[in-house]
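Below is one structure, written out as structure tokens; the observations come after it.
Numbering (mature numbering (1 follows the signal peptide of the UniProt record, and there is no 0)), first residue to last: -22 to -1, 1 to 592.
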């Protein structure tokens, strides 16, 4: 007994020593990063924490993913759950690269997640607004009962493969759950629309997660199949018998594996962590990560650092804790780096019978995020392996949300004409009386700022005066030239320590009116400053030389806005909309800044000029 206690004490001391000393090998970084010479982990994009095992998730845009929990139908046996979905996989079309598919389970007859067996079907949904969706139903691929689909591209077979559980079943007229043994089957397709007759492969097993062993150096048809408890089967090809070859035996309290090989050739599994089940709860500890240098093992199951939990933050600043968040799948970048761009989960809210698919986006200093589905129970999108699918590069995969302080101002750039010279000449002086300093909103690649959650001090996390950028756009208004100047702020928080009523992101702008559209040496005839969606107008804005003086201040209990002022501020490098890189315009146009709107993007610009007119 004494020796046992001594060993436990020694193990504790050694564990503490390792924590103090930091990492020794890349394994201490969960193979999601590298151990630096300073013995700290440098995580790959999309991952964070001391051991790089936590997904670096960013706020989720509402009404993305696949959520049809409000649907009704003549064939519904009950109301309230809609067309619930559960889990899913995002795939970019190989021919039409602007089209994204979501293959997910959808529960028929309005029976909701509780009726998944036998009412689950496998359906295909489509999005033309990028991988995050929203997705709309396109077709039913497999009727009742089929569930748990995972879809990948097999480069050796030049086909899509779908693995799922189930068999053809005629359902009754009542939403009643049934029990029977599961069988994993596989089917193939050239285009995701027409599928071959399923081939049964593994009996009494569930949660299929395939990954081809193919690589450019080894163009084999062999395939791996991870299943519940993270056991791994291997087959010579998808149609051949699948043999159980790996049993880690250290992950009994997990299910729903998602298997992939990273850019270094290491292997990973993301799972639904079920540790809270023992306490009679579905969460909040629901995401875990396992890793190995070789697929044969040994596998390390990280039960200390959560990959994610049941709380999702939305871009409007609100947070929602879900009752269930399961079936994780990742959608990766297509540049060979295997950077996770989206996490998809099936989610279910508390006291709701419906479920849906929710996307999440990680922040990898250039991209990642969460995706939602369309019903109370929903599924999240997952991804195809980069090297497996290798679809043509698409700006929707390349552009993303990055930390607000990772962006640096672009060099001043305006049109090479009289309009551009006027934009430069009249670039305003901005003074910050309260709140955040202005920050850069977009970089050359189109990556946009993730902003700041309103908390702490009103200027907490946004005091850097070197990050500011002035954005401009000009247009004729009658015989005048109207120039809009705008600035981006990571958060709008009027009161210290008060987040309610505040929001992530703020855009404010002014319009300067010049007296002659054709005069190479025009003069200022007026200005308008934004606030609460309106403009305060004047024919004599304060200025210093040719530059008007404007101030960012707070209306206590309301928000921040702009006004003309006697106080002299700073001039920031100006970036003209009509001289921007197309990727920048795309990023500013398509990014959802929550409660804030880019005032000079198409549609907003014309409307704001009308509001600001003298």
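Note that beta-carbon positions come from the ideal geometry of N, C-alpha and C, so glycine has one too.
Inset, instruction - Would you kindly check if the distance between the Cβ of residue 471 and the Cβ of residue 91 is under 9 angstroms? - result: Counting from one through the chain shown, the residue named residue 91 turns up at place 113. Counting from one through the chain shown, the residue named residue 471 turns up at place 493. Contact: no.
Legend entry - Contacts around residue 270, its chain only, beta-carbon distance under 6 angstroms, and the 5 residues preceding and following it disregarded: Here residue 270 corresponds to residue number 292 of the chain shown, with the count starting at 1. Cβ neighbours of residue 270 beyond the five flanking positions: 245 and 277.
Legend entry - At least three beta-carbon pairs within less than 8 angstroms, the stretch 506 to 513 to the stretch 376 to 394: Short answer: they don't touch.
Inset, instruction - Enumerate in chain order the residues of its own chain whose CB-to-CB distance from residue 58 is below 6 angstroms, with the five nearest sequence positions on each side excluded. - result: By 1-based counting over the chain shown, the position of residue 58 is 80. Close CB contacts of residue 58 within its chain, under the 6 angstroms cut and outside five residues either way in sequence, are with 331 (chain order).
Legend entry - Alpha carbon of residue 563 to alpha carbon of residue 540, nearest angstrom: Here residue 563 corresponds to residue number 585 of the chain shown, with the count starting at 1. Here residue 540 corresponds to residue number 562 of the chain shown, with the count starting at 1. Residue 563 and residue 540 have their C-alpha atoms roughly 24 angstroms apart.
Legend entry - Distance between residue 265 and residue 248 (C-alpha atoms, nearest Å): Taking the chain shown and counting its residues from 1, the one referred to as residue 248 is at position 270. Taking the chain shown and counting its residues from 1, the one referred to as residue 265 is at position 287. Straight-line Cα distance between these residues: approximately 7 angstroms.
Legend entry - Buried or exposed (CB count within 10 angstroms, at least 16 for buried), residue 554: Counting from 1 along the chain shown, the entry for residue 554 is found at position 576. Buried: at least 16 other Cβ atoms inside 10 Å.
Legend entry - residue 299 versus residue 44 - alpha carbon distance: Here residue 299 is taken as the residue at index 321 of the chain shown, counted from 1. Here residue 44 is taken as the residue at index 66 of the chain shown, counted from 1. Spanning the two alpha carbons is a distance of roughly 18 angstroms.
Inset, instruction - With hydrogens ignored, establish whether the beta-carbon of residue 7 is closer than 8 angstroms to any heavy atom of the ligand FMN. - result: Only the bare structure without any ligand can be found here, which leaves the ligand FMN out of the picture.
Inset, instruction - Select from 202, 133, 99 and 526 the residue whose C-alpha is nearest the C-alpha of residue 224. - result: By 1-based counting over the chain shown, the position of residue 224 is 246. Residue 202 is the option with its Cα nearest to residue 224.
Inset, instruction - State buried or exposed for residue 577, treating a residue as buried only when at least 16 other CB atoms are found within 10 Å of its CB. - result: Against the chain shown, residue 577 aligns to sequence position 599. The residue is buried, with at least 16 neighbouring Cβ atoms inside 10 Å.
Inset, instruction - With DSSP collapsed to three states, give me the class of residue 191. - result: By 1-based counting over the chain shown, the position of residue 191 is 213. Coil at residue 191, not helix or strand.
Legend entry - For residue 152, the nearest candidate out of 287, 97, 198 and 293 (CA to CA): The count along the chain shown starts at 1 and reaches residue 152 at position 174. Residue 152 has its Cα closest to that of 97, out of 287, 97, 198 and 293.
Legend entry - Secondary structure of residue 120, DSSP reduced to three states: In the chain shown, residue 120 corresponds to position 142, counting from 1. Reduced to three states, the DSSP call for residue 120 is strand.
Inset, instruction - Taking the CB atoms as reference points, tell me whether residue 319 and residue 310 lie closer together than 9 angstroms. - result: Your numbering for residue 319 matches position 341 in the chain shown. Your numbering for residue 310 matches position 332 in the chain shown. Contact: yes.
Legend entry - residue 247, enclosing beta strand (DSSP E) - first and last residue: Numbered from 1 along the chain shown, position 269 holds the residue referred to as residue 247. For residue 247, the enclosing beta strand (DSSP E) covers residues 245 to 251.
Inset, instruction - State the DSSP-derived secondary structure class of residue 453, mapped to helix, strand or coil. - result: Counted from its first residue, the chain shown places residue 453 at position 475. Residue 453 sits in a strand when the DSSP states are folded into three classes.
Inset, instruction - Whole angstroms is fine: what's the gap from residue 158's alpha carbon to residue 205's? - result: Taking the first residue of the chain shown as 1, we reach residue 158 at position 180. Taking the first residue of the chain shown as 1, we reach residue 205 at position 227. Roughly 18 angstroms between the two C-alpha positions.
Inset, instruction - Could you work out which residue in 404, 60 and 337 is closest to residue 109 when comparing CA atoms only? - result: For the purposes of this step, residue 109 is taken as the residue at position 131 of the chain shown. Of the candidates 404, 60 and 337, the one whose C-alpha sits nearest the C-alpha of residue 109 is 337.
Inset, instruction - Could you tell me the boundaries of the beta strand (DSSP E) in which residue 238 lies? - result: Position 260 of the chain shown, counted from the start, is the residue given in the question as residue 238. The continuous beta strand (DSSP E) containing residue 238 extends over residues 232 to 239.
Legend entry - residue 145 to residue 55 span [Cα, whole Å]: Position 167 of the chain shown, counted from the start, is the residue given in the question as residue 145. Position 77 of the chain shown, counted from the start, is the residue given in the question as residue 55. One C-alpha to the other measures close to 22 angstroms.
Inset, instruction - Report yes if the CB atom of residue 220 is closer than 9 angstroms to the CB atom of residue 180, and no otherwise. - result: The residue given as residue 220 occupies position 242 in the chain shown. The residue given as residue 180 occupies position 202 in the chain shown. Yes, the pair counts as a contact, with Cβ atoms nearer than the cut-off.
Legend entry - Three-way DSSP call (helix, strand, coil) for residue 90 in this model: Locating residue 90 in the chain shown gives position 112, counting from the first residue. It is coil, neither helix nor strand.
Inset, instruction - Please name the residue in 102, 281, 329 and 411 whose C-alpha comes closest to that of residue 436. - result: Position 458 of the chain shown, counting from 1, holds the residue named residue 436. When the alpha-carbon of residue 436 is set against those of 102, 281, 329 and 411, the nearest one is in 411.
Legend entry - Beta-bridge partners of residue 270, as assigned by DSSP: For the purposes of this step, residue 270 is taken as residue 292 along the chain shown, with counting starting at 1. Under the DSSP definition of a beta bridge, residue 270 partners with 245.
Inset, instruction - Quick one: grab the DSSP three-state call for residue 648. - result: The question about residue 648 has no answer here: the residues shown for the chain are numbered -22 through 592.
Inset, instruction - My understanding is that residue 499 touches residue 463, with C-beta atoms under 8 angstroms, so please give their C-beta distance in whole angstroms. - result: To locate residue 499, count along the chain shown from 1; it is residue 521. To locate residue 463, count along the chain shown from 1; it is residue 485. Not a contact, Cβ separation roughly 20 angstroms.
Inset, instruction - Report the rounded CA-to-CA distance for residue 546 versus residue 409, giving the unit in angstroms. - result: Residue mapping note: residue 546 aligns to position 568 of the chain shown, counting from 1. Residue mapping note: residue 409 aligns to position 431 of the chain shown, counting from 1. If you draw a straight line from the Cα of residue 546 to the Cα of residue 409, it comes to about 6 angstroms.
Legend entry - Start and end residues, alpha helix (DSSP H) containing residue 202: Position 224 of the chain shown, counted from the first residue, corresponds to residue 202. For residue 202, there is no enclosing alpha helix (DSSP H); the enclosing beta strand (DSSP E) covers residues 201 to 204.
Legend entry - Cross-strand partners of residue 492 (DSSP beta bridge): As a working mapping, residue 492 is identified with position 514 in the chain shown. When DSSP reads this structure, residue 492 sits in a beta bridge with 459 and 502.
Legend entry - For residue 103, the first and last residue of its enclosing beta strand (DSSP E): Taking the chain shown and counting its residues from 1, the one referred to as residue 103 is at position 125. Secondary structure note for residue 103: its beta strand (DSSP E) is the uninterrupted segment 98 to 105.
Legend entry - Own chain partners of residue 548 with C-beta closer than 8 angstroms, once the 5 adjacent residues on each side are dropped: Walking along the chain shown from the start, residue 548 turns up at place 570. For residue 548, the CB contacts under 8 angstroms within the same chain, skipping 5 residues up- and downstream, are 407, 408, 409, 443 and 446 in chain order.
Inset, instruction - Determine the DSSP secondary structure at residue 223, reduced to helix, strand or coil. - result: The residue given as residue 223 occupies position 245 in the chain shown. Per DSSP, reduced to three states, the secondary structure at residue 223 is strand.
Inset, instruction - Please confirm whether residue 66 and residue 335 have their CB atoms less than 9 angstroms apart. - result: Numbered from its first residue, the chain shown carries residue 66 at position 88. Numbered from its first residue, the chain shown carries residue 335 at position 357. Yes; because the gap between Cβ atoms is below 9 angstroms, this pair is in contact.
Legend entry - Closest by C-alpha distance to residue 385, when choosing among 402, 426 and 415: Within the chain shown, residue 385 is the residue found at index 407, counting from 1. Each of 402, 426 and 415 was checked against the Cα of residue 385, and the nearest Cα belongs to 426.
Inset, instruction - Express the C-alpha separation of residue 544 and residue 68 in angstroms, rounding to a whole number. - result: Residue mapping note: residue 68 aligns to position 90 of the chain shown, counting from 1. Residue mapping note: residue 544 aligns to position 566 of the chain shown, counting from 1. Rounded to whole angstroms, residue 68 to residue 544 spans 54 angstroms at the Cα level.
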